[in-house]
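**Q** In my numbering, the protein residues as written are 83 to 515. C-beta atoms are modelled at their ideal positions from N, C-alpha and C, and glycine is treated no differently. Since we're looking at a predicted model, the values are computed, not measured. This structure is in C-alpha cells; I'll ask about it shortly.
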C-alpha cells in the first residue's frame, strides 16, 4: 500500500509548483475586472455623455472572457490533479486487493482478513483523496494571504525619522527655504521656493494649470518629501516632527469634495472622531450647512452614498468645510474649493471659509484673483518657480505677471488665472521667467 506514496509526493509537488503561478495570474485578472467595473460606475456620467456604453461593455466583456478562460484552465488543472490522486490510490487499492486475493486462494489469508486489510487501506487512502480535493482551495487562500501580507509589509516611502518629536499645537508660522522637488529626477517640478508665512496670515497661491501649486502645498503635510531645502513649522524642520502630529496641525479642503459612504454626521465627525452631536451641529452651522441638512428627511443621519453621490457638489463641499471646522487645526489648505460650484453656492461657501480662516495660517489656491486679492501674501507660481510674492497692491506696483493677470481679469471678469496665463503673449511670459 505504501508503494504509491512516492507517486503521490511527486504529483503534489509538481501540482503546487505550477498552480501558484496560475493562481497569481487569475487573481490579477479578477482584480482588473473589478477595477473596470468600479471605474465604469464612478465615471458613469462621462461614459453616457460621450456615448461610450458599447465601448465599455466590450472592454469589460473582453477582460471577463480572459478571466473566465484563465479560471477554466485553473479548474481543469485542479480537476486533473484530483483525478491523478484518485487513480494513484485506486491503483494502490487494486494492487493490494489482487495481492491479497492471490494469498487467499493459496490459503495463506482468509477472506475476513482480506476485508480487514482493505478497510485499513481505505482508511489510509481516504485522507489523501480529501487532501487532493482541498489542496487547490488552500493554495488559493495562501496566495491571497501572501499578496495581502506583502502589501501590509510594504514600507512607506515617507515615515518618521529616528528621534522625531510630536508637536502639540503649532502657532502656524511656515517657511520654505530653498525647496526643490521632482517627480521625475531629470526635471525639477519645483525650483528654489523661498517664502515665509507668519502665524495667522492668509497666503494666496496663483498660477496656471501644471505650475506646481498643489504640489507646493502637498509638501507641507509631507505627502511628498522635498529633494532639497527644508520646510519649517514654527522654526522646526517638518521632517523632525512625527507625521501624525504634523498632519494633526493641518486641515485640507480640496477642489473635489471627498465624502465617505455613510451619514452626514459620520462624514463631519471624521474631522474629530470623539466629537459630540452638539459639536457636529455647531461645525455645520459655521459651514452654512445646517439649514440644508435639517431640510433632509433624516437630517444628520442622511446617507450620502458612495463618494457623496446622493447630494449636490455644493452640499458636499459644505460638509467638507464643516469637517475642517470640527478638526480646528491651526493651518488650513484650500485647494480651489469653489472652482466647480455655481456663483450663488460659491458665495455661501466663501462666507463660511472667511470664518474658518480667522486665526489660522491659510494657504488658498485660486484662479479667480477676486477671491484672494485680500490675502496677506500672494505667491505667483509658474513652471515650478516662485515668480513673484507680496501683497496684492505690491504686486500691482511691480507691474509683472500678477499685474498682467489682474488687468486681464478686470477687463474680462469671466476669465480665471488658468486661461489668463495661457492667454498672455509668449514674450511676456518668457520675460517673467
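Kindly list the residues whose CB is nearer than 6 Å to the CB of residue 294, restricted to its own chain and excluding five residues on each side of it in sequence; keep chain order.
**A** 271, 272, 463 and 466
**Q** According to the Cβ coordinates, are residue 285 and residue 475 closer than 8 Å?
**A** no
**Q** Whose C-beta lies closer than 7 Å to the C-beta of residue 432 among residues of the same chain, with five residues either side of it excluded?
**A** 420 and 453
**Q** Could you tell me whether the region 380-395 touches the region 335-346, where touching means 3 or more Cβ pairs closer than 8 Å?
**A** yes
**Q** Taking the continuous alpha helix (DSSP H) assigned at residue 471, which residues delimit it?
**A** Where residue 471 is concerned, there is no enclosing alpha helix (DSSP H), although the beta strand (DSSP E) it sits in stretches over 467-472.
**Q** Using only CA atoms, which one of 430, 410, 411 and 413 lies nearest to residue 398?
**A** Scanning 430, 410, 411 and 413 for the CA closest to the CA of residue 398 turns up 430.
**Q** Rank 315, 336 and 198 by C-alpha distance to the C-alpha of residue 423 and give the top, closest one.
**A** 336
**Q** Just verifying my parser: in three-state terms, what is the DSSP assignment at residue 240?
**A** coil
**Q** Would you grab the beta carbon distance between residue 361 and residue 414 for me? Rounded to a whole angstrom, and I think it's under 8 Å.
**A** Incorrect: roughly 18 Å between the Cβ atoms, too far for contact.
**Q** Is residue 361 near the ligand MN - that is, is its Cβ less than 7 Å away from at least one heavy atom of it?
**A** No copy of the ligand MN occurs in the structure displayed, which carries no ligand at all.
**Q** Can you round the beta-carbon distance between residue 468 and residue 461 to whole angstroms, since I take them to be within the 8 Å contact cut?
**A** 6 Å
**Q** Since residue 350 contacts residue 405 with CB under 8 Å, what's their CB separation in whole angstroms?
**A** A Cβ-Cβ distance of about 5 Å is found for the pair residue 350 and residue 405, placing them in contact under the 8 Å criterion.
**Q** Classify residue 288: buried if its beta carbon has 16 or more other beta carbons within 10 angstroms, exposed otherwise.
**A** buried
**Q** Can you check the region 382-415 for any alpha helix (DSSP H) of at least 4 residues that lies completely inside it and give the ranges in chain order?
**A** The qualifying runs are 395-409.
**Q** Whole angstroms is fine: what's the gap from residue 356's alpha carbon to residue 334's?
**A** 19 Å
**Q** Within its chain, find whatever has a CB closer than 7 Å to the CB of residue 134; leave out the 5 residues flanking it on each side and keep chain order.
**A** none
**Q** Extract the residue ranges of the beta strand (DSSP E) inside the region 200-280, only unbroken runs of 3 or more that lie entirely within it.
**A** 256-263 and 272-279
**Q** Roughly how far, in whole angstroms, is the beta-carbon of residue 332 from the beta-carbon of residue 302, given that I think they are within contact range, below 8 Å?
**A** With a Cβ gap of about 7 Å, residue 332 and residue 302 count as contacting.
**Q** With burial defined as no fewer than 16 other Cβ atoms inside 10 Å of the residue's Cβ, what is the status of residue 240: buried or exposed?
**A** Exposed, since its Cβ has fewer than 16 Cβ neighbours within 10 Å.
**Q** With distances taken between CB atoms, is the gap from residue 210 to residue 156 smaller than 8 Å?
**A** no
**Q** Would you mind listing the alpha helix (DSSP H) stretches within the region 110-182 that are 4+ residues and don't spill past its ends, in chain order?
**A** 126-131
**Q** So what's residue 102 in DSSP terms, helix, strand or just coil?
**A** helix
**Q** Compare the Cα-Cα distances from residue 259 to each of 141, 279 and 242 and report the closest residue.
**A** 279
**Q** Pull the bridge partners of residue 444 from the DSSP assignment, please.
**A** 284 and 414
**Q** In three-state terms, what does DSSP make of residue 334?
**A** DSSP places residue 334 in strand when its eight states are reduced to three.
**Q** Can you tell which of 158, 212 and 400 has its C-alpha closest to the C-alpha of residue 436?
**A** 400
**Q** Here's the rule: buried if 16 or more other CB atoms are within 10 angstroms of the residue's CB, otherwise exposed. What is residue 256?
**A** Flag for residue 256 reads buried.
**Q** Hey, does residue 231 have any beta-carbon neighbour from chain C nearer than 8 Å?
**A** In the structure shown, chain C cannot be found, because there is only a single protein chain.
**Q** Just to confirm, are residue 115 and residue 146 a CB contact at a threshold of 8 Å?
**A** yes
**Q** Under 8 Å, do residue 102 and residue 283 count as touching if we go by C-beta distance?
**A** No, they are not a contact pair.
**Q** To the nearest angstrom, report how far apart residue 124 and residue 402 are at their CA atoms.
**A** Rounded to whole angstroms, residue 124 and residue 402 show a C-alpha spacing of 20 Å.
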